[in-house]
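Chemist:
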Amino acid sequence: MYKDYLRYILIFILLLLIQLLVLNNINLGGYINPYVYLLFILLLPYGTPRWVLLLVGFFTGLVVDYFSNTLGLHASATLILAFVRPSIMSGLRFSNNINERSMLNISLTGTEWFIRYAALGIVIHHSTLFMLETFSFRFFHLTLLRILLSSLVSFVFIFFLEVLLTRKK
């Protein structure tokens with residue numbers, strides 16, 4: 000049990016370091032901002048209580064906000080992701096009998112399910128984040144383009160990291 004907690008803490012620190020030291024400095028034309036720290040929330044066990052999800056989501060976003068000077072935008076977006084995560088998981092049923100304490104990784108859920116799950120979570124997070132950031136429908140087409148491009152690039156990074164994390168087992 001303590002081994003699982005240690006693994007989650009290491010993944011949390013690794014993802015935040017990648018996000019804060021590398022990816023926060025990538026901004027391609029103002030339209031592509033990859034966010035990999037979401038993988039931590041996506042990987043939390045199936046049976047994680049909602050209050051824990053909300054607390055972890057808020058804290059994760061708050062850490063990113065603190066180091067990015069974004070005044071609660073990431074905390075809000077990750078809180079929304081943590082809130083809708085159980086609904087996403089129930090909507091995307093998978094056939095495996097899983098342990099409620101198991102990490103939701105590709106080897107457990109299957110590639111197809113994980114792709115749908117991660118893509119939906121990423122789009123929800125990015126939609127919340129960028130709509131709160133612009134807080135206007137005036138340039139909605141540009142915000143939508145930013146959501147789509149950033150979601151795509153974030154998904155590629157997250158999928159790559161998930162494959163690497165799963166391989167290391």
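Those letters in the sequence shown? Residues 0 to 168, per numbering that gives the first Met the number 0, in order. Beta carbons are placed, not taken as given, at the ideal position from N, Cα and C, and that holds for glycine.
(1) Using alpha carbons as the reference points, say which of Val-51, Leu-15 and Leu-42 lies closest to Asp-64.
(2) For Leu-27, which residues does DSSP report across the bridge?
(3) Would you kindly report the start and end of the unbroken alpha helix (DSSP H) that includes Phe-136?
(4) Three or more C-beta pairs under 8 angstroms: does that hold for the stretch 124-136 against the stretch 2-10?
(5) Can you give the Cα-Cα distance for Leu-151 and Asn-32, rounded to whole angstroms?
(6) Select from Leu-147, Ile-121 and Ser-101 the residue whose C-alpha is nearest the C-alpha of Gly-46.
(7) Give the single residue among Arg-92, Trp-50 and Asn-68 whose Cα lies nearest to the Cα of Leu-80.
(8) Taking the alpha-carbon positions, what's the Phe-134 to Thr-142 distance?
(9) Tell me whether Val-155 is buried or exposed, calling it buried when 16 or more other Cβ atoms sit within 10 Å of its Cβ.
(10) Would you decide whether Val-35 is buried or exposed? Buried here means 16 or more other CB atoms lie within 10 Å of its CB.
(11) Determine the burial state of Leu-37: buried for a count of at least 16 other Cβ atoms within 10 Å of its Cβ, exposed for fewer.
(12) Using a Cβ-Cβ cutoff of less than 8 angstroms, which residues in the same chain neighbour Leu-52 once the five nearest sequence positions on both sides are dropped?
(13) Tell me which residues share the same chain as Asn-104 and place their Cβ nearer than 6 angstroms to its Cβ, disregarding the 5 neighbours each side in the sequence.
(14) Who are the near neighbours of Ile-146 in its chain, counting only those whose CB is closer than 6 angstroms to its CB and skipping five residues on each side?
(15) Measure the C-alpha to C-alpha separation of Thr-108 and Thr-69 and round it to an integer number of angstroms.
(16) Between Phe-57 and the rest of its own chain, which residues show a CB-CB distance below 6 angstroms, the 5 nearest in sequence each way excluded?
(17) Is the Cβ-Cβ distance between Ser-89 and Ile-121 less than 7 angstroms?
Modeler: Judging by the given coordinates:
(1) As a working note, residue 64 is residue 65 in the sequence shown. For the residues Val-51, Leu-15 and Leu-42, the minimum Cα distance to Asp-64 belongs to Leu-15.
(2) Mapped onto the sequence shown, residue 27 falls at position 28. Bridge partners of Leu-27: Ile-31.
(3) For the purposes of this step, residue 136 is identified with residue 137 of the sequence shown, where counting begins at 1. That residue, Phe-136, is in no alpha helix (DSSP H); it is neither H nor E in DSSP.
(4) These segments do not touch.
(5) In the sequence shown, the residue the question calls residue 151 occupies position 152. In the sequence shown, the residue the question calls residue 32 occupies position 33. So the alpha carbons of these two residues sit roughly 10 angstroms apart.
(6) Along the sequence shown, one-based indexing puts residue 46 at 47. Nearest of Leu-147, Ile-121 and Ser-101 to Gly-46, Cα basis: Ser-101.
(7) Walking along the sequence shown from the start, residue 80 turns up at place 81. The closest CA to that of Leu-80, considering only Arg-92, Trp-50 and Asn-68, is found on Trp-50.
(8) Here residue 134 is taken as the residue at index 135 of the sequence shown, counted from 1. Here residue 142 is taken as the residue at index 143 of the sequence shown, counted from 1. Approximately 10 angstroms between the Cα atoms of the pair.
(9) Position 156 of the sequence shown, counted from the first residue, corresponds to residue 155. Classification for Val-155: exposed.
(10) By 1-based counting over the sequence shown, the position of residue 35 is 36. Per the 10 Å Cβ criterion, buried.
(11) Indexing the sequence shown from 1 puts residue 37 at position 38. Leu-37 is buried by the Cβ-count criterion.
(12) Translated into the one-based positions of the sequence shown, residue 52 becomes position 53. Once the five neighbours on either side are set aside, the close Cβ partners of Leu-52 are Ile-40, Leu-43, Ala-81, Phe-82, Arg-84 and Pro-85.
(13) Along the sequence shown, one-based indexing puts residue 104 at 105. Closer than 6 angstroms at the Cβ level, and outside the excluded window around Asn-104, lie Thr-165.
(14) Looking up residue 146 in the sequence shown gives position 147. So the qualifying residues of the chain are His-125, Ser-126 and Phe-129.
(15) Mapped onto the sequence shown, residue 108 falls at position 109. Mapped onto the sequence shown, residue 69 falls at position 70. Thr-69 has its alpha-carbon roughly 34 angstroms from the corresponding atom of Thr-108.
(16) Stepping through the sequence shown from its first residue, residue 57 is reached at position 58. Around Phe-57: Ala-74 and Leu-78.
(17) By 1-based counting over the sequence shown, the position of residue 89 is 90. By 1-based counting over the sequence shown, the position of residue 121 is 122. For Ser-89 and Ile-121, no; Cβs fall outside 7 angstroms.
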